[in-house]
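Protein chains: 2
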Amino acid sequence: MTIENKLNTQKITSEESYACWLQYRKITDPTLVEKLTSSLSNLIVLDQSERLTAAIDELTTAIQSMLEVKPVTLTELGEENGVVLATEESLKLNNIELEYDVSELTVEGYVIKSAHNNIYLIGKTDKGVLYAAFHLLRLVQGNEPLTNLNIIEQPKNRLRMINQWDNMDGSIERGYAGKSIFFEENKITSNLARIKDYARLLSSVGINSVSINNVNVFEVPTRLITEEFLPEVKNVADIFRSYGITTFLSINYASPIQIGHLHTADPLAPEVQEFWKDVANEIYKYVPDFGGFIVKADSEHRPGPFTYDRDHAEGANVLAKALKPHGGIVIWRCFVYNCLQDWRDRTTDRARAAYDNFKPLDGKFLDNVILQVKNGPMDFQVREAVSPLLGAMPNTNQVLEFQVTQEYTGQQKDLCYLVPLWKEVFDFDTHARGEGTTIKKITEGSVFDYSHSGVAAVSNIGNDENWTGNTLAQANFYGYGRLIWNPDLSAEEIALEWIEATFGNDPKVVETVSKMLLQSWEIYENYTTPLGIGWMVNPNHHYGVNVDGYEYSVWGTYHFADLNGLGVDRTVATGTGYTNQYFSPNSEMYESLETCPDDLLLFFHHVPYTHQLKTGKTVIQHFYNTHFEGVEQVEGLIESWIKLEGKIDKIRFANVLERLQLQLINAKEWRDQFNTYFFRKSGIADEKNRKIY
Amino acid sequence: MTIENKLNTQKITSEESYACWLQYRKITDPTLVEKLTSSLSNLIVLDQSERLTAAIDELTTAIQSMLEVKPVTLTELGEENGVVLATEESLKLNNIELEYDVSELTVEGYVIKSAHNNIYLIGKTDKGVLYAAFHLLRLVQGNEPLTNLNIIEQPKNRLRMINQWDNMDGSIERGYAGKSIFFEENKITSNLARIKDYARLLSSVGINSVSINNVNVFEVPTRLITEEFLPEVKNVADIFRSYGITTFLSINYASPIQIGHLHTADPLAPEVQEFWKDVANEIYKYVPDFGGFIVKADSEHRPGPFTYDRDHAEGANVLAKALKPHGGIVIWRCFVYNCLQDWRDRTTDRARAAYDNFKPLDGKFLDNVILQVKNGPMDFQVREAVSPLLGAMPNTNQVLEFQVTQEYTGQQKDLCYLVPLWKEVFDFDTHARGEGTTIKKITEGSVFDYSHSGVAAVSNIGNDENWTGNTLAQANFYGYGRLIWNPDLSAEEIALEWIEATFGNDPKVVETVSKMLLQSWEIYENYTTPLGIGWMVNPNHHYGVNVDGYEYSVWGTYHFADLNGLGVDRTVATGTGYTNQYFSPNSEMYESLETCPDDLLLFFHHVPYTHQLKTGKTVIQHFYNTHFEGVEQVEGLIESWIKLEGKIDKIRFANVLERLQLQLINAKEWRDQFNTYFFRKSGIADEKNRKIY
């Protein structure tokens, strides 16, 4: 693998940083090399397609790198044994009979099977074959034996998407790993090699959809859907397509005015409908499998149908109609709330907004519209309740939105492995159809008869050499892909896979990094915002502590701390009534101070500092304890990491160490400001008499 | 008068806005016109100089505008009577004998005398004649009779300076009235007509020195002292010179490295000394009366002598030596403190910094160095103690620094007439040489044997049509000039002068605006920071309330509020010992809670919310009262102003009304956030049960 952006970043570069989990490091055990060489020396490919070419390329590169043997590619089964790549159809055409049952498989499913001294990678389609190839390589990198393979695999979620928040000037909204790999100086990049490497990384973890521009669409990117940029969009889409990835674009709802020169963007105006049809027709000329549009409308000052007194359904459907003949979809974001709230107004509750706005519209959206709902009702805090809108619209397609980029969780300076957080969301039981109606069942489409569903997330990559700023943040990229492929995987399993592929199999490294990753979310929560209260960050950039930073703001994000206590009363009895948006028994559980889980206590209730948690500690003592403990834990992370010196290449070692040191500075500042703020406000001393300023 | 920047501002323009207090409005009373015409129809000028030309031009323009008669300019006394402009010397040469005593007059002094049916404007030099001309016009605009004039006048302060904080990209640091009138796109402007009008305004109030670029000198402006820009600096200096104004430049202390290509800027290095000499020689080729350098060194990350282990005196003296042969001076700013303070550290006190840094160096500076000391030890807060450094260095020239631009006092949105604040500073008795050693005596140079002294201030003007954003902020520009000319003028006298010159003599207008101006400082203080505590503003831009905005910052600006009380303990007994920097009995007065004035209580002491003020009110009740009252007072300002509709031209009327409305929004936000913050923290209810959130 070459380093594509050596010249761009002016940083110390390393192949290891750039390669992420596709290291394909040389295998040194001679017995193992011999065994693998006998299995992997021939690649027998029975079909022809771009995706199969991509699979062969990946296998060839990987095998050559790991075994120092260049495999031979053959196009028919003969005397030579090896890895057979085939779709189910071509297997039949070639009269190869294997015992397996693919009747249940989706179009993206695949089988990996040992038979006739071959390893068969069989897909329902060529995409499945490609996924199978990456799966095989994962087994090799994970030191798994390649004998008696009999794997049947398919993704649980249909839409598995990454949203780039890349701006055409090259900046990335909420990006913490350099500049955009897609855009520079208001053009699409000419560095397509890096985009190809990105496609490999995405495909290797099963991501099948990418929107390449920021959902906040201003000025130049408004024109991405026009002939000015479509030839270059096509180049990008061509690369993604060969890795099984569909390309989407974020659009500006005011496009009919801004590029169509109409005097309105009213979705019910015939000329607007005509405009969008024309746009769609044009796009599909260049990108025949174009995925569709991502839309942030009537949200945070972005234009939308409200201007014309139309609702979200009317707003989305005009786009859906235009895309329908081509098979495209509209992904309509539900991040809609009053972002000019008066902090004095305690009745308006931002947490209520998505549900209040969208629930009444259930069933009014066309079937190629999907509503994209953030995992929590606020905005990707380190801990918040699961959005009650998920599962509340049986007649409207939904996609769950996560945030891989660590906007509120340390910005890839601080370590925060997010897979455990996402798993909690997936496992949350909405009770929408009685007990067991978990979020993962909803996104998998097995609860409601959704024509589209799945998961999307904001990307955490940029043009930093190591893609994610902090090398360990690669685990979130990897983990996101793997988890949404199969939400039943454990956070630990995913961590282990990632560590072995990324750093190799040294047990000390595996054990240490695994522990660091798995503790990191709790550590981050410990020294930042406790008990579900959220925010308390510096305005705008959202990094670092500022307890009152959003307290008197327009954003609807308050903690209401006074000398007696804090928290947001979202109960029906005395608060904003938000708890009522949940199905029973969740609504009752959150409503009651007794049954509300402590980790969301301040999200749902305003309590005194002396309120006793289920641990027996008071709220204020919990504050002090977790903040002191959080800093100690970060010191522990540094100690652990330092012990790996020499076991990890110098560049990645130094990168993580530098980030951990920044994290420690951040953690101490959080500890001291937070504790001081609440000590000054409550007047209650720390039981253990630790230093508070 | 023409409107020079009509095309630049794209705002509604009006001659009245642009003309400020040099309106020269048409006089309509026929008797008065006749009288004035007979006195002012001839201008008899006995010398020739650029400044006399400027005086004649001003008189001609003004008389023509007010009387609709173009005065005739004559060069010798003959049969025609009129206004005689002459230096003392030319008066003697012309054998004109008048009874007056100019023996006590400084070089800038002048006499206005009625004699032989003439009005004589006699200066020690041509500068005095120019000042006399503006004085005469002030009398006419103020409706004063021109009979039996016998005025002897001279400025009390020698250096009367304005510091522009203009950047060469056209922006202005802490500017609230548009862009720079001096620079655009990293060049000096070609719009010299506007600079000439600025010179007229400055000269009309007696300002005699201007530094044209920001004290924070980065990149391009570093090169203002080189041949690249000196030809254009010369053009600007030529204009200023003809209005009696000397031009200064702010320099970058790292210039020897950045433009001299030396490897050091060490003031004791011979090559650095050589560098500065060469620079000075070059400058004086272009600007023979160049004033000198303003230097912000070793302050807020700007380079300085500390890098080379040299002190401020060594740092300043190298520049002074280079300027000395040409008569130039170095103005060295004392705004030096630790701007990376740890908020946890309660022993470091920013208020102490200037004194601690500079007092030990008394006597070590060359006699053409002046230390520029801000009026307070912190940074131009609405209320702070007077800097104890003023008067504490008998053997070192000092200049007092005010801030005309309203950085912390409403940013020319909110009304805040600053003359009363400045007067309090001037009248402060330092006791440096026993009772009566007021600040004004120190700046006038009558206490210590200073070779240079006076006052400087940061400008509040930009390229807005009305120069100051808020029309009423013109009063601060005017008032600053007038007050430092004569610190014994009252704030009310100055306000009246300004109002009559600016808006005319309608009694209702005069009375209303005068009341608005004179109340405005107290009103601003009422709804913002009380009892001398300061700050509580939004970080960086410093507008609007944010109680904890600077509480956990690196800037050394804290209020230390907890549930019991707030304030900074600067006593010797239990605090930072700052009170000891004052002479007795001030030190004892501030040290004692009993004698410390309430309006500076929280500047010097940390007290409980229940501490009783001399008014009988508790601190917390005072907080609530002033904040509610402040908003009501702003509503009162609006009411008062609205009643002037029709009596003031529409553009200026609308401008002020718009600003007042912004002020009301600001005041309400201050009231509500401030009161809520302290109610939440103290738990003490408002006695009057007014609305706190």
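Just so you know, the sequences run in chain order A and B. Numbering follows UniProt numbering, in which position 646 of the first sequence is assigned residue number 646; successive positions increment by one, without gaps. Numbering follows UniProt numbering, in which position 492 of the second sequence is assigned residue number 492; successive positions increment by one, without gaps. We put the CB at the ideal spot given by N, CA and C, even for glycine.
Does the Cβ of B:Gly-304 have 16 or more other Cβ atoms within 10 Å, making it buried, or fewer, making it exposed? In the second sequence, counting from the first residue as 1, residue 304 of chain B sits at position 304. With 16 or more other Cβ atoms within 10 Å, it is buried.
Any beta-carbon of chain A closer than 8 Å to the one on B:Gly-575? Along the second sequence, read from residue 1 onward, the residue named residue 575 of chain B stands at position 575. Answer no: the Cβ-Cβ gap between B:Gly-575 and chain A never drops below 8 Å.
Given this structure, state the Cα-to-Cα distance separating A:Arg-241 from A:Leu-137, to the nearest angstrom. Indexing the first sequence from 1 puts residue 241 of chain A at position 241. Indexing the first sequence from 1 puts residue 137 of chain A at position 137. Cα to Cα, the separation comes out at about 21 Å.
Taking CB distances under 8 Å as the criterion, tell me whether A:Tyr-552 reaches chain B. For this step, residue 552 of chain A is matched to residue 552 along the first sequence. Yes, because at least one Cβ of chain B sits closer than 8 Å to the Cβ of A:Tyr-552.
Identify each residue in the stretch 476-506 of chain B for which the Cβ-Cβ distance to at least one residue of chain A is less than 7 Å, and report them in chain order. none
On a CA-only basis, which of A:Ala-297, A:Gly-630, A:Asp-414, A:Asn-317 is nearest A:Asn-368? Give me that one, please. Reading the first sequence from its first residue, position 368 is the one you call residue 368 of chain A. Checking every option, the nearest Cα to that of A:Asn-368 belongs to A:Asn-317.
Less than 8 Å separating the beta-carbons of B:Leu-249 and B:Asn-213? Position 249 of the second sequence, counted from the start, is the residue given in the question as residue 249 of chain B. Position 213 of the second sequence, counted from the start, is the residue given in the question as residue 213 of chain B. In contact: B:Leu-249 and B:Asn-213 (Cβ atoms closer than 8 Å).
Where does B:Lys-113 land, buried or exposed, given buried means 16+ other C-beta within 10 angstroms? By one-based count along the second sequence, residue 113 of chain B stands at place 113. It is buried - the Cβ of B:Lys-113 has at least 16 other Cβ atoms within 10 Å.
Report all residues from its chain with a CB closer than 6 Å to the CB of A:Val-425; omit the five preceding and five following residues, and keep chain order. As a first step, residue 425 of chain A is located in the first sequence; it is residue number 425 there, counting from the start. Closer than 6 Å at the Cβ level, and outside the excluded window around A:Val-425, lie Asn-375, Val-386, Ile-439.
With a cut-off of 8 Å on the beta carbons, I'd call residue 770 of chain A and A:Gln-273 a contact; round off their distance for me. Beyond the ends of chain A as shown, which are 1 and 693, falls residue 770 of chain A; an answer cannot be given.
What's the gap between the Cα of B:Lys-187 and the Cα of B:Asp-169? For the purposes of this step, residue 187 of chain B is identified with residue 187 of the second sequence, where counting begins at 1. For the purposes of this step, residue 169 of chain B is identified with residue 169 of the second sequence, where counting begins at 1. Rounded to the nearest whole angstrom, the C-alpha separation of B:Lys-187 and B:Asp-169 is 8 Å.
Pair within 8 Å by beta-carbon distance, B:Gly-575 and B:Leu-602: Your numbering for residue 575 of chain B matches position 575 in the second sequence. Your numbering for residue 602 of chain B matches position 602 in the second sequence. Not closer than 8 Å, so no.
Counting C-beta neighbours from all protein chains within 10 Å, is the total for B:Glu-4 16 or more, i.e. buried, or is it exposed? Residue mapping note: residue 4 of chain B aligns to position 4 of the second sequence, counting from 1. Any reading at B:Glu-4 must be qualified, since the residue scores a pLDDT of 39, below 50, and its modelled position is unreliable; the value itself is stated next. Buried, by the Cβ-count rule.
Give a yes or no on whether the minimum CB-CB distance between A:Tyr-693 and chain B is below 8 Å. Counting from 1 along the first sequence, the entry for residue 693 of chain A is found at position 693. Closer than 8 Å to some Cβ of chain B, the Cβ of A:Tyr-693 qualifies, so yes.
I think A:Ile-442 touches A:Gln-398, with their Cβ atoms under 8 Å apart; what is that distance to the nearest whole Å? Walking along the first sequence from the start, residue 442 of chain A turns up at place 442. Walking along the first sequence from the start, residue 398 of chain A turns up at place 398. Indeed, because the Cβ distance is near 7 Å, the residues count as touching under 8 Å.
Looking at chain B, is there any beta carbon in it that lies within less than 8 Å of the beta carbon of residue 695 of chain A? Residue 695 of chain A lies beyond the range of chain A shown here (1 to 693); nothing can be said about it.
Listed by chain order, chain A residues near B:Arg-344 by CB distance under 7 Å: As a working note, residue 344 of chain B is residue 344 in the second sequence. Going along chain A in sequence order, the residues near B:Arg-344 (Cβ under 7 Å) are Asp-672, Tyr-693.
From B:Gly-683 to B:Lys-691, what does the alpha carbon distance come to, in whole angstroms? Stepping through the second sequence from its first residue, residue 683 of chain B is reached at position 683. Stepping through the second sequence from its first residue, residue 691 of chain B is reached at position 691. Whole-angstrom Cα-Cα distance: 14 Å.
Between A:Thr-37, A:Ile-44, A:Ser-49, A:Ile-56, which lies nearest to A:Glu-68 when the distance is taken from Cα to Cα? Position 68 of the first sequence, counted from the start, is the residue given in the question as residue 68 of chain A. Nearest of A:Thr-37, A:Ile-44, A:Ser-49, A:Ile-56 to A:Glu-68, Cα basis: A:Thr-37.
Beta carbon of B:Asp-506 nearer than 8 Å to that of B:Lys-647: Walking along the second sequence from the start, residue 506 of chain B turns up at place 506. Walking along the second sequence from the start, residue 647 of chain B turns up at place 647. Yes, they are a contact pair.
On the DSSP bridge assignment, give the partners of A:Asn-42 in chain order. The residue given as residue 42 of chain A occupies position 42 in the first sequence. A:Val-72.
Bounding residues of the beta strand (DSSP E) (the contiguous stretch that carries A:Asn-118): Translated into the one-based positions of the first sequence, residue 118 of chain A becomes position 118. Residues 118-123.
Bridge-paired residues (DSSP) for B:Gly-434: By 1-based counting over the second sequence, the position of residue 434 of chain B is 434. B:Gly-434 is bridged to B:Ala-432.
Contact list for A:Asp-562 against chain B, beta-carbon separation under 8 Å: Numbered from its first residue, the first sequence carries residue 562 of chain A at position 562. The contacting residues are Phe-679, Arg-680, Lys-681, Gly-683.
With distances taken Cα to Cα, identify the nearest neighbour of B:Tyr-450 among B:Pro-394, B:His-541, B:Arg-671. In the second sequence, residue 450 of chain B corresponds to position 450, counting from 1. The shortest C-alpha separation from B:Tyr-450 is found at B:Pro-394.
Along chain A, in chain order, which residues have C-beta atoms closer than 9 Å to that of B:Asp-548? In the second sequence, the residue the question calls residue 548 of chain B occupies position 548. Asn-546, Val-547, Asp-548, Gly-549, Glu-551, Tyr-677, listed in chain order.
Nearest CA to the CA of B:Thr-125: which residue from B:Asn-191, B:Gly-109, B:Asp-238? Numbered from 1 along the second sequence, position 125 holds the residue referred to as residue 125 of chain B. Among B:Asn-191, B:Gly-109, B:Asp-238, the Cα nearest to that of B:Thr-125 belongs to B:Gly-109.
Which of the three DSSP states, helix, strand or coil, is assigned to A:Asp-166? By 1-based counting over the first sequence, the position of residue 166 of chain A is 166. Three-state DSSP puts A:Asp-166 in a strand.
Of the listed residues A:Asn-150, A:Trp-498, A:Phe-560, A:Pro-597, nearest to A:Val-111 (C-alpha basis): In the first sequence, residue 111 of chain A corresponds to position 111, counting from 1. Ranking A:Asn-150, A:Trp-498, A:Phe-560, A:Pro-597 by Cα distance to A:Val-111 puts A:Asn-150 first.
From B:Arg-433, B:Ala-432, B:Val-404, B:Thr-430, residue whose alpha carbon lies closest to that of B:Thr-420: As a first step, residue 420 of chain B must be located in the second sequence, where it is residue number 420. Inspection of the sequence shows that residue 420 of chain B is occupied by Pro rather than by Thr. Taking only the C-alpha atoms, the option nearest B:Pro-420 is B:Val-404.
For B:Arg-352, three-class secondary structure by DSSP: Taking the first residue of the second sequence as 1, we reach residue 352 of chain B at position 352. Of the three classes helix, strand and coil, the one that applies to B:Arg-352 here is helix, per DSSP.
Mapping DSSP to helix, strand and coil, what is A:Leu-142? Sequence index remark: in the first sequence, residue 142 of chain A carries index 142 (1-based). According to the sequence as given, residue 142 of chain A is Gly; it is not Leu. In this structure, A:Gly-142 counts as coil in the three-state DSSP scheme.
Taking the alpha carbon of B:His-116 as the reference point, which residue from B:Thr-147, B:Leu-105, B:Glu-104, B:Val-102 has its own alpha carbon closest? One-based indexing of the second sequence puts residue 116 of chain B at position 116. Residue B:Thr-147 is the option with its Cα nearest to B:His-116.
State the start and end residues of the unbroken alpha helix (DSSP H) segment that holds A:Trp-641. For the purposes of this step, residue 641 of chain A is taken as the residue at position 641 of the first sequence. From DSSP, the alpha helix (DSSP H) with A:Trp-641 extends over 619-642.
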